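Student: Please read through the structure below; I'll follow up with questions.
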Amino acid sequence: MLTEYKNRLLSEKQKNYSAAFTAVCAVALVLLLALVIVTSSFSMCLVSGESMMPTLTDGQYVMLSKSNSPARGDIIVFRNRIDGEERLLIKRAVAISGDTVAFERNGDGSVTLVVNGERQTEDYINGPMNDWSGNPYIESIIYPGDPPITLGDGEYFALGDNRNNSTDSRFASVGIVTSDKISGVLVAAPEEGSAGEWWLKLFFGVR
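So the sequence shown is numbered by this note's numbering: it starts at 9 and just counts up by one.
The structure is reproduced here in structure tokens:
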């Protein structure tokens, strides 16, 4: 009778261990699948510099979808060669294929972005945009007051949110961004030190 009772306890323990092992394997499989999906469809980027302030800050990790077809207003990461060195830049696609882009001077000396003939209200930029026309050290492809530029297929006009401290599509060193240069579109920008940043770094193996 005692032996039968011990055998029953042993059998129940084995069942519990088996159920626990199955549960652990299921969780591990789900996490593995999630990791594969995330890393195959998304990427991570570290923001460098202040050209996207106040939206993004220097040293902030962001998550990108691996897409090269942003919508107007999306923040994009793209490859660009500056001073003979290829770099990744992060800017906002303020105009997309088929759009026209121009800049108008205001009475207070600031400049307003005009897309498709409409003056844009950009609450996200870091203060009024200054007129860069008088800067002899930069070569621009468009100045305030110039005729509009029309974007062709697969072309995007990208500006930093910190307009007065950004090298972007206004200037010849960057120019119009083409879709083949775009590495991704921003989908998440967790705050530094947040749980969201912790999970993002975990998924992409950053310590």
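A virtual CB, placed ideally from N, CA and C, is assigned to each residue, including glycine. Because the structure is a prediction, the values reported are computed rather than measured.
What is the DSSP secondary structure of LYS99, reduced to helix, strand or coil?
Tutor: Residue mapping note: residue 99 aligns to position 91 of the sequence shown, counting from 1. Reduced to three states, the DSSP call for LYS99 is strand.
Student: Pull up the distance between the alpha-carbon of SER59 and that of ARG87, whole angstroms please.
Tutor: As a working mapping, residue 59 is identified with position 51 in the sequence shown. As a working mapping, residue 87 is identified with position 79 in the sequence shown. Their backbone Cα atoms lie some 16 Å apart in a straight line.
Student: Using the beta-carbon count (16 or more within 10 Å), is LYS189 buried or exposed?
Tutor: Taking the first residue of the sequence shown as position 1, residue 189 is located at position 181. Burial call: buried.
Student: Residues in its own chain within less than 8 Å of ASN78 by CB, not counting five upstream and five downstream?
Tutor: In the sequence shown, the residue the question calls residue 78 occupies position 70. Note on identity: in this sequence residue 78 is Pro, with Asn being the wrong assignment. So the list reads ILE84, ALA101, ILE104, TYR164, ILE190 and VAL193, once near-sequence residues are dropped.
Student: Please classify ALA166: is it buried, with 16 or more other beta-carbons within 10 angstroms of its beta-carbon, or exposed?
Tutor: Counting from 1 along the sequence shown, the entry for residue 166 is found at position 158. It is buried - the Cβ of ALA166 has at least 16 other Cβ atoms within 10 Å.
Student: With GLU205 as the anchor, note down where its alpha helix (DSSP H) starts and where it stops.
Tutor: The sequence position of residue 205 within the sequence shown is 197, counting from 1. Note, GLU205: alpha helix (DSSP H), 203-211.
Student: Quick check: what's the CA-CA separation for GLY153 versus ILE98?
Tutor: Counting from one through the sequence shown, the residue named residue 153 turns up at place 145. Counting from one through the sequence shown, the residue named residue 98 turns up at place 90. Each residue's alpha carbon lies about 26 Å from the other.
Student: In chain order, which beta strand (DSSP E) runs of at least 3 residues are fully inside the region 138-170?
Tutor: Taking only runs of at least 3 residues, the beta strand (DSSP E) segments lying wholly in the region 138-170 are 163-167.
Student: Pull the bridge partners of MET71 from the DSSP assignment, please.
Tutor: Locating residue 71 in the sequence shown gives position 63, where the first residue counts as 1. The partner list for MET71 (beta bridge, DSSP) reads MET52 and ALA196.
Student: In or out: SER174 buried (at least 16 other Cβ within 10 Å) or exposed?
Tutor: Counted from its first residue, the sequence shown places residue 174 at position 166. It counts as buried.
Student: Over what stretch of residues does the beta strand (DSSP E) that includes LEU121 continue unbroken?
Tutor: Here residue 121 is taken as the residue at index 113 of the sequence shown, counted from 1. First-last of the beta strand (DSSP E) with LEU121: 118-123.
Student: From which residue to which residue does the beta strand (DSSP E) around ASN88 run?
Tutor: Sequence index remark: in the sequence shown, residue 88 carries index 80 (1-based). ASN88 -> beta strand (DSSP E) spans 83-90.
Student: How should TYR145 be labelled, buried or exposed, when 16 other C-beta atoms within 10 angstroms of its C-beta is the threshold for buried?
Tutor: Position 137 of the sequence shown holds residue 145. Under this definition TYR145 is an exposed residue.
Student: Going by DSSP, what residue range makes up the beta strand (DSSP E) through GLU112?
Tutor: The residue labelled residue 112 in the question sits at position 104 within the sequence shown. 108-113 is the extent of the beta strand (DSSP E) around GLU112.
Student: Assuming PRO156 contacts ALA110 (C-beta within less than 8 Å), just tell me the rounded distance between them.
Tutor: By 1-based counting over the sequence shown, the position of residue 156 is 148. By 1-based counting over the sequence shown, the position of residue 110 is 102. So it is a contact: roughly 4 Å between Cβ atoms.
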